[in-house]
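Residue numbers (our numbering): 96 to 218.
Quick reminder that beta carbons are idealized off the backbone N, C-alpha and C, glycines included.
Since this is a predicted model, take the numbers as computed values, not measurements.
In what follows, a single structure is set out as structure tokens and then discussed.
See below:
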């Protein structure tokens with residue numbers, strides 16, 4: 096194993112100890128037989144939130160009440176996908192989990208930044 100592979104393996108082991116994701120193998124992407132440390136939906140959440148934080152670094156975003164409502168609505172697809180699957184109403188797939196996670200991740204990041212903005216502005 097290369098040094099880069101060992102570093103990635105250590106990072107994956109460290110992340111997998113954090114109890115934030117169920118990490119079920121059938122709901123997790125794998126690359127060449129190696130599973131990612133979080134499930135497909137959580138992967139989408141991380142990518143979506145990270146992408147939004149990069150976006151707001153370069154562009155100004157005004158946090159209005161309509162944007163906050165939109166952010167809450169953006170969380171609904173991930174919630175509904177997970178909840179309907181939990182109740183065995185249907186079976187989801189990793190692609191759908193990823194996309195609902197992406198949308199939810201952006202929504203969650205908007206809410207976090209809006210909350211930070213409200214705290215800093217003493218609203």
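Rounded to a whole number of angstroms, what is the C-alpha to C-alpha distance between residue i and residue j?
i	j	result
residue 185	residue 191	12 Å
residue 146	residue 182	31 Å
residue 134	residue 217	37 Å
residue 152	residue 127	34 Å
residue 194	residue 115	19 Å
residue 179	residue 214	35 Å
residue 129	residue 117	16 Å
residue 144	residue 210	15 Å
Hey, residue i and residue j are a contact pair by Cβ (cut 8 Å); roughly how many whole angstroms apart?
i	j	result
residue 137	residue 196	6 Å
residue 142	residue 202	In fact, because the Cβ distance is near 13 Å, the residues do not count as touching under 8 Å.
residue 158	residue 212	5 Å
Quick one, which of the options has its alpha-carbon nearest residue i's?
i	options	result
residue 149	175, 157 and 204	204
residue 188	122, 117 and 161	122
residue 175	198, 147 and 215	198
residue 208	193, 131 and 167	167
residue 173	158, 217, 139 and 126	139
Beta-carbon separation of residue i and residue j under 8 Å?
i	j	result
residue 131	residue 125	yes
residue 206	residue 163	yes
Quick one: which unbroken alpha helix (DSSP H) runs of 4-plus residues sit fully inside the segment 165–201? Chain order, please. List check, alpha helix (DSSP H) in window: nothing returned.
Identify every run of the alpha helix (DSSP H) within the segment 111–161, keeping only runs that are complete inside it and at least 4 residues long; order them along the chain. 135–153
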